[in-house]
Amino acid sequence: MDGLSIRDLRVVFDGFVAVGGVDLDVSPGDVRFLIGPNGAGKTTLVDAVTGLVKASGSVRFGERELLGTEVHRIARLGVGRTFQTAAVFENLTVLQNLDIAAGTGRGAWTMIRRRRGIPENVQEALETIGLTGQLDQAAGTLAHGQKQWLEIGMLLVQDAKLLLLDEPVAGMSHDERDATGELIGKVSRDRTVVVIEHDMDFLRRFAQTVTVLHAGRVLSEGTVAQVQADPKVQEVYMGTKEA
Amino acid sequence: MKWRAAAGFALGAVVLFGVAPAVLSDFRLSLLAKYLCFALVAVGIGLAWGRGGLLTLGQGVFFGLGGYAMAMHLKLADAGEGNLPDFMELYGQLDALPWWWRPFANPVFALAATVLLPMLVALALGTLIFRRRVRGAYFAILSQALAAAMVILLIGQQGTTGGTNGLTDIEGFFGYDLDDPVNQRMVYFIIAACLLGLLALVRQLMHSRYGELLVAVRDSEERVRFLGYNPATVKLVAYVAAAGMAGLAGALFVPAVGIISPALIGIVPSIEFVIGVAIGGRATLLGPVLGAVAVAYAKTTLSERFPGAWIYLQGALFVIVIAVLPGGLASLARLLRRQPHGRLEHP
Ligand SMILES: Nc1ncnc2c1ncn2[C@@H]1O[C@H](COP(=O)(O)OP(=O)(O)OP(=O)(O)O)[C@@H](O)[C@H]1O
Ligand SMILES: [Mg+2]
Numbered sequence: 000m001d002g003l004s005i006r007d008l009r010v011v012f013d014g015f016v017a018v019g020g021v022d023l024d025v026s027p028g029d030v031r032f033l034i035g036p037n038g039a040g041k042t043t044l045v046d047a048v049t050g051l052v053k054a055s056g057s058v059r060f061g062e063r064e065l066l067g068t069e070v071h072r073i074a075r076l077g078v079g080r081t082f083q084t085a086a087v088f089e090n091l092t093v094l095q096n097l098d099i100a101a102g103t104g105r106g107a108w109t110m111i112r113r114r115r116g117i118p119e120n121v122q123e124a125l126e127t128i129g130l131t132g133q134l135d136q137a138a139g140t141l142a143h144g145q146k147q148w149l150e151i152g153m154l155l156v157q158d159a160k161l162l163l164l165d166e167p168v169a170g171m172s173h174d175e176r177d178a179t180g181e182l183i184g185k186v187s188r189d190r191t192v193v194v195i196e197h198d199m200d201f202l203r204r205f206a207q208t209v210t211v212l213h214a215g216r217v218l219s220e221g222t223v224a225q226v227q228a229d230p231k232v233q234e235v236y237m238g239t240k241e242a
Numbered sequence: 000m001k002w003r004a005a006a007g008f009a010l011g012a013v014v015l016f017g018v019a020p021a022v023l024s025d026f027r028l029s030l031l032a033k034y035l036c037f038a039l040v041a042v043g044i045g046l047a048w049g050r051g052g053l054l055t056l057g058q059g060v061f062f063g064l065g066g067y068a069m070a071m072h073l074k075l076a077d078a079g080e081g082n083l084p085d086f087m088e089l090y091g092q093l094d095a096l097p098w099w100w101r102p103f104a105n106p107v108f109a110l111a112a113t114v115l116l117p118m119l120v121a122l123a124l125g126t127l128i129f130r131r132r133v134r135g136a137y138f139a140i141l142s143q144a145l146a147a148a149m150v151i152l153l154i155g156q157q158g159t160t161g162g163t164n165g166l167t168d169i170e171g172f173f174g175y176d177l178d179d180p181v182n183q184r185m186v187y188f189i190i191a192a193c194l195l196g197l198l199a200l201v202r203q204l205m206h207s208r209y210g211e212l213l214v215a216v217r218d219s220e221e222r223v224r225f226l227g228y229n230p231a232t233v234k235l236v237a238y239v240a241a242a243g244m245a246g247l248a249g250a251l252f253v254p255a256v257g258i259i260s261p262a263l264i265g266i267v268p269s270i271e272f273v274i275g276v277a278i279g280g281r282a283t284l285l286g287p288v289l290g291a292v293a294v295a296y297a298k299t300t301l302s303e304r305f306p307g308a309w310i311y312l313q314g315a316l317f318v319i320v321i322a323v324l325p326g327g328l329a330s331l332a333r334l335l336r337r338q339p340h341g342r343l344e345h346p
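Laid out in structure tokens, this is it:
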């Protein structure tokens, strides 16, 4: 298992500093929650790690430098992400979604033929995310929570070793949140997970470690208790009922 | 599903090989042969645009490459060994065949070139275009510009390309006299067989894992990238395949109609290739074929009776279909049947 190591990460949009010199280490197997007010730069940080936006500094996953690497190559190095708004292939079935996610290593001969049966890792992922019964359902017709799980399932079959989940439980019901929390626990056994989240209750229950971002910088870092006790964090969150 | 496809192909074969030759006059059959050439282009557009989201508004380029490759060989064969093609004698101040004409004297080279040349050009163009993430309207405009550029190039080189006239008066087809109706029928049968073969090929591609991936790229290119695929490569495959099909169509058009010229491959014909596909239903297998044939038929019939009005009618039809029925007429049938497969058809 590999860990994530970020040094002096900076992302600037037309002079606006969205991420302003972030150092961040996530050790292998950790479940790190990334919190912070709206516009703190959480999504932008994940965008930088996955190659979507240009950034300076250094982002290492294991031995490999990710900055300057193309998006699809970063993905092939085992870095997978989900999006704030679920991004599944709505016109394709659950099975097709997972099969595509599982398929980057396939040769031309396999590609130009039909899928026969269900690949083993797809079957496993289906069971892990609990969508075995929705196999042939178009992903666009899934419930909101199920779409998020499908996205996580796609990361599993993609064989991602670093999972970056952007607000996976936003808009979910209470039960769905619980199920998602357990799912994250399950998949983190042999993977490193970073979760962006606003829900403090969810964070208390499922985070191992927490990093607080504010205005593009790291404000505080530690266990849930340490971060909650940090006066700087309380100040930033003052006026919101969550902290 | 399998038996239905087999039944569909059998029905297609009966219509193309049995019914059409039996009921159509020689003249009508040769018109149908021409329409089927457009259908060949349409099958490729259905793949690239319908499934891949690539609005290929410049297929005339590839149609032209295939057509000219074939026509050059046939002109050389008509002229006989050691002679220049007739138009070169007329306009050109040439004493010898230009070097780039020479390989086309070889029938194997020429035949291979009709398909491979367009594919190679598409490979080079596509690599540049897709790597730079040119897409959507920009891709469509660029395709149009290429078609325009090719026309300008051909017209400017009258002495070696036939200029505006193109390559005309093609008499023979690998030893067969094209004036003989029997041979015209043979050409029709070749075209019909190519169409069925291509449909089988594209059907296989659409149902393959590649076909699913192509739809995923069409619907959400960025998402595919984050899974570890390079969408540029995925699109390139469909683009090159469609170019090969357009090239084949152009090549078969030449013996069927007896001419290839800039007017057949420029901006307007390139748009017309797409209109039939849009009307028939771009994401389906048969929609593009039926749409292309129907539009070509309507053009022949209506432009005879109301010359000038056709272009407006065609434009109006295109706009109406895109606005009211983006899935084309094929989606009308699906809407009525509510077939579960419909999910693949709508972009
Ligand atoms: N492409 C962009 N161009 C310009 N500014 C951007 C761009 N993307 C993000 N920003 C700005 O960067 C800042 C950080 O945005 P980011 O999306 O990373 O915040 P976030 O922490 O994920 O917030 P939220 O909790 O609302 O999702 C915001 O002020 C945002 O407006
Ligand atoms: Mg965000």
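From first to last, the protein sequence lines are chains A and B.
Heads up, the first sequence is in numbering that gives the first Met the number 0, so the first residue is 0 and it goes up one at a time.
Heads up, the second sequence is in numbering that gives the first Met the number 0, so the first residue is 0 and it goes up one at a time.
Where is the CB? At the ideal position from N, CA and C, for every residue including glycine.
Item, Value
"Please find out if some non-hydrogen atom of ligand 1 comes closer than 8 Å to the beta-carbon of K41(A).", "yes"
"Could you compute how far the alpha carbon of D24(A) sits from the alpha carbon of R80(A)?", "18 Å"
"Applying the criterion that 16 or more other CB atoms from any shown protein chain within 10 Å of the CB defines a buried residue, is L164(A) buried or exposed?", "buried"
"Consider the C-beta atom of F317(B) and the heavy atoms of ligand 1; say whether any pair is separated by less than 8 Å.", "no"
"Can you tell me which residues form a DSSP beta bridge with A137(A)?", "T92(A)"
"Does any CB atom of chain B fall closer than 9 Å to the CB of L202(A)?", "no"
"If you follow the beta strand (DSSP E) that R31(A) is part of, which residue opens it and which one closes it?", "V30 to I34"
"If you reduce the DSSP assignment to three classes, tell me which class H345(B) lands in.", "Low local confidence applies: a pLDDT of 42 at H345(B) is under 50, so the model's placement there is unreliable, and no value is given."
"Tell me, to the nearest whole angstrom, how far the beta carbon of Y175(B) is from that of N182(B); I am working on the premise that it is less than 8 Å.", "4 Å"
"Measure from the alpha carbon of F12(A) to the alpha carbon of each residue in M0(A), S55(A) and P36(A), then state which is nearest.", "S55(A)"
"Against chain A, with Cβ distances strictly below 9 Å, would A333(B) count as a contact?", "The identity of residue 333(B) in the sequence shown is Arg, whereas the question assumes Ala. Chain A contact via Cβ: absent."
"Report yes if the CB atom of L263(B) is closer than 9 Å to the CB atom of G63(B), and no otherwise.", "yes"
"Per DSSP, what kind of secondary structure is Y228(B) in: helix, strand or coil?", "coil"
"Can L44(A) be considered in contact with ligand 4, in the sense that its beta carbon sits closer than 8 Å to one or more heavy atoms?", "Of the ligands one can find in the structure shown, namely ligand 1 and ligand 2, none is ligand 4."
"Return yes when the Cβ of R134(B) is within less than 9 Å of the Cβ of E220(B), no when it is not.", "yes"
"State yes or no: is the beta carbon of F88(A) nearer than 9 Å to at least one beta carbon in chain B?", "yes"
"Would you check whether ligand 2 has a heavy atom nearer than 8 Å to the C-beta of Q133(A)?", "no"
"To the nearest whole angstrom, what separates the beta carbons of I259(B) and Y34(B), a pair I think is in contact under 8 Å?", "So it is not a contact: roughly 16 Å between Cβ atoms."
"Give the residues of chain A in contact with S207(B), contact being defined as C-beta atoms less than 7 Å apart.", "M110, I111, R112 and R113"
"Go ahead and label A199(B) buried or exposed: buried means 16 or more other beta carbons lie within 10 angstroms of its beta carbon, across all protein chains shown.", "exposed"
"Count the other CB atoms, across all protein chains shown, that sit within 10 Å of the CB of K231(A); report buried if there are 16 or more and exposed otherwise.", "exposed"
"In whole angstroms, give me the CA-to-CA distance for A228(A) and R203(A).", "13 Å"
"Counting only the same chain and skipping the five closest in sequence on each side, list residues whose C-beta sits under 6 Å from that of G286(B).", "G279, G280, G327 and A329"
"Identify each residue in the stretch 232-244 of chain B for which the Cβ-Cβ distance to at least one residue of chain A is less than 7 Å, and report them in chain order.", "none"
"Look at the Cβ atom of V156(A), then the Cβ atom of N120(A), and state whether they are nearer than 9 Å.", "yes"
"Run through chain A and tell me which residues come within less than 9 Å of G7(B), C-beta to C-beta.", "Result: empty, since nearest Cβ-Cβ is about 17 Å, beyond 9 Å."
"According to DSSP, is V87(A) part of a helix, a strand, or is it coil?", "coil"
"What are the residues that DSSP puts in a beta bridge with Y209(B)?", "The partner list for Y209(B) (beta bridge, DSSP) is empty, contrary to what the question assumes."
"Report the option in Q207(A), E234(A), K146(A) and G215(A) whose CA atom is closest to the CA atom of A224(A).", "Q207(A)"
"Tell me, please, whether the CB atom of I195(A) is closer than 9 Å to any CB atom in chain B?", "no"
"On the three-state DSSP scale, how would you describe A78(B)?", "helix"
"Residue range of the beta strand (DSSP E) that R216(A) falls in?", "R216 to G221"
"Under 9 Å between C-beta atoms, does P190(A) make it to chain B?", "Note that residue 190(A) is Arg in the sequence shown here, rather than Pro. By this cut-off, R190(A) is not an interface position."
"Beta carbon of L76(A), beta carbon of F60(A): below 9 Å?", "yes"
"Closest Cβ-Cβ distance between K240(A) and chain B: below 9 Å?", "Here the model assigns K240(A) a pLDDT of 45, short of 50, so the residue's position is not dependable, and the following value carries that caveat. With 9 Å as the cut-off, K240(A) does not count as an interface residue toward chain B."
"Are the beta-carbon atoms of T42(A) and I195(A) separated by less than 9 Å?", "yes"
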